[in-house]
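Structure record follows, encoded as structure tokens.
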Amino acid sequence: MTDSTILDDINAADSAITGADLLVSLDRYTTLFSDTDIELQLLDLTPGDNFFDSLEDERHFGATDSDSKSIDTESVASISPRVSEAENIRMKDAIRRSNYRQKRKAEKFDLQLKIQELTSQLTALQMKKEADKAKSGLGSVSMAVWKALADRHLQARLVAEEQQRRLREAIERRSALIKDMGAIVCQRLSQEHSESYVPPRKKSRVESPDMKLYGTFVKELDDAYIRTDSIFSQSEVQMLQTDDSNYGMRAVPKKANYYELAGKKTTPFPFERVRLLIDRVSIVENRTSYEKIDLSDVAGHTSAFKCRFETRLGDAVGCLIQHVLLRYYKEADRVVCICRKFTEGEGVYAGMHADETGWNVIERCANGAGTVIKSIFRYVPMSFSTVASADGKLKKFTDKIISIGEEDCQTCGRKLEALLLDDSLGDACQRRGTIS
Numbered sequence: 001m002t003d004s005t006i007l008d009d010i011n012a013a014d015s016a017i018t019g020a021d022l023l024v025s026l027d028r029y030t031t032l033f034s035d036t037d038i039e040l041q042l043l044d045l046t047p048g049d050n051f052f053d054s055l056e057d058e059r060h061f062g063a064t065d066s067d068s069k070s071i072d073t074e075s076v077a078s079i080s081p082r083v084s085e086a087e088n089i090r091m092k093d094a095i096r097r098s099n100y101r102q103k104r105k106a107e108k109f110d111l112q113l114k115i116q117e118l119t120s121q122l123t124a125l126q127m128k129k130e131a132d133k134a135k136s137g138l139g140s141v142s143m144a145v146w147k148a149l150a151d152r153h154l155q156a157r158l159v160a161e162e163q164q165r166r167l168r169e170a171i172e173r174r175s176a177l178i179k180d181m182g183a184i185v186c187q188r189l190s191q192e193h194s195e196s197y198v199p200p201r202k203k204s205r206v207e208s209p210d211m212k213l214y215g216t217f218v219k220e221l222d223d224a225y226i227r228t229d230s231i232f233s234q235s236e237v238q239m240l241q242t243d244d245s246n247y248g249m250r251a252v253p254k255k256a257n258y259y260e261l262a263g264k265k266t267t268p269f270p271f272e273r274v275r276l277l278i279d280r281v282s283i284v285e286n287r288t289s290y291e292k293i294d295l296s297d298v299a300g301h302t303s304a305f306k307c308r309f310e311t312r313l314g315d316a317v318g319c320l321i322q323h324v325l326l327r328y329y330k331e332a333d334r335v336v337c338i339c340r341k342f343t344e345g346e347g348v349y350a351g352m353h354a355d356e357t358g359w360n361v362i363e364r365c366a367n368g369a370g371t372v373i374k375s376i377f378r379y380v381p382m383s384f385s386t387v388a389s390a391d392g393k394l395k396k397f398t399d400k401i402i403s404i405g406e407e408d409c410q411t412c413g414r415k416l417e418a419l420l421l422d423d424s425l426g427d428a429c430q431r432r433g434t435i436s
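In full-length UniProt numbering, the protein residues as written are 1 to 436.
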């Protein structure tokens, strides 16, 4: 039996055991060993041949019994301190092993507690993750349903707006057809009954709710006419080529709060013919929704109109109501046409307005052949709503107003050319009839 076996049998794990108790426990196993073996173990010796041979040699040299006894007494006396020292070493080793085992047991217990705690946390996190996953899946399904419903409503709205637009166009076409048929019938009746019969025209509004606005514009026309020369001297229209008939945006000072549209158009017809026919050009008669405002109490060549445009901004529909005031100033060598416009936004353009002033000068070309028409329009966008400038709506509103102005300039040029051409053809036919 080895030392480790003996220590395991003894309650060496108890750190409180004393040295005396350890010795008592060790004494129980003394019968298992011989005196010689114990001594050899304490001296870290093994019972070998050399050891016993030395003993035989001593006996061989004639040692007496008394001498042997004295030698044994001295040997035991020398071995006793070594035995006590070995016992102390064994006792310390047993205590160290006991402490080490207790420490390992405590660490094992702590690790088991940590495993249980982490396992419970992992289980809770997994359950929470599954719950969140189920909740998010339910939310995505709900969002998909709402999105599908919103798309359906949007498509239905777009279809309804398209149908409404088509119905309005059909009504306008039927109205124009009825108007033309009525004019034809009235013309035939006038030929049969009376030469003085006049076909019905669109009635002018005698009392318009916007008369104060038109009154303000009338007062501003003369001031705008006085500033005609200074406006053209500041603009780039003077540097345009005489054959340039395009109207477009021009550069303005950085601190200016307006946009400027300018252009120049030349025509080969003489200035005298243009002077006679210029006031017959109208920019609103080709529009589907307009009305003429009665300004009979206003002196001079002044006319007022109210027009309505329908436009679209994305999926939304907006309307533009435009108030137009025109006055012609006929001088000896030129004709000046002052135009004042005020545009109001409705629907998606609610709260947005635009103030516009236009100067048009008709005069002879520098070489004396033909007529030149120079135009300058200045737009001042305004907003009385705090939401008007969101998402760039005010800029889109301004771009729409400017595009309408460009279209009006091109339309006036084409109508003037048509009137001059018809007038020239009429004169030619009349001359031919006179000659024949």
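Virtual Cβ for every residue (Gly too), placed ideally from N, Cα, C.
Annotation: the continuous beta strand (DSSP E) that includes R312 extends over H301 to L313. Contact check between the region 272–281 and the region 158–173: fewer than three CB pairs, one atom from each, fall below 8 Å, which does not count as touching. If you draw a straight line from the Cα of Y100 to the Cα of D110, it comes to about 15 Å.
Rounded to whole angstroms, the Cβ separation of I338 and L221 is 5 Å, and the two are in contact under 8 Å. Taking C-alpha positions only, H353 is separated from K133 by approximately 52 Å.
The residue among M382, E87, D315 and E407 with its C-alpha nearest the C-alpha of K395 is M382. For S383, the enclosing beta strand (DSSP E) starts and ends at T371 to S383.
Excluding residues up to 5 positions away in sequence, D315 lie with their Cβ nearer than 8 Å to the Cβ of L154 in the same chain.
Distance from the Cα of T343 is smallest, within the candidate group H323, I373, A350 and F232, for H323. In the DSSP assignment, K330 falls within the beta strand (DSSP E) that extends over A316 to K330.
Close CB contacts of F271 within its chain, under the 6 Å cut and outside five residues either way in sequence, are with R364 and T371 (chain order). When DSSP reads this structure, V335 sits in a beta bridge with K330 and I362. In this structure G347 touches V317 by the C-beta definition: roughly 6 Å separates them, less than 8 Å. Assignment of F269 by DSSP, reduced to helix, strand and coil, places it in the coil class. Secondary structure of I283 (DSSP, three-state): coil. Of the residues assessed, L118 falls on the exposed side of the cut-off, its CB having fewer than 16 other CB atoms within 10 angstroms. Per DSSP, the continuous alpha helix (DSSP H) segment holding K219 begins and ends at M211 to I226. Leaving aside the five residues that flank L313 on each side, the residues in its chain whose CB is nearer than 8 Å to its CB run, in chain order, V348, Y349, K393 and K396. Here the alpha carbon of I402 sits roughly 59 Å from the alpha carbon of E130. Nearest to S282 by alpha-carbon distance, out of E87, K415 and D423, is K415. Taking C-beta separations shorter than 7 Å and ignoring five residues to either side along the sequence, the partners of Y225 in its chain run Y329, V336 and I338, following chain order.
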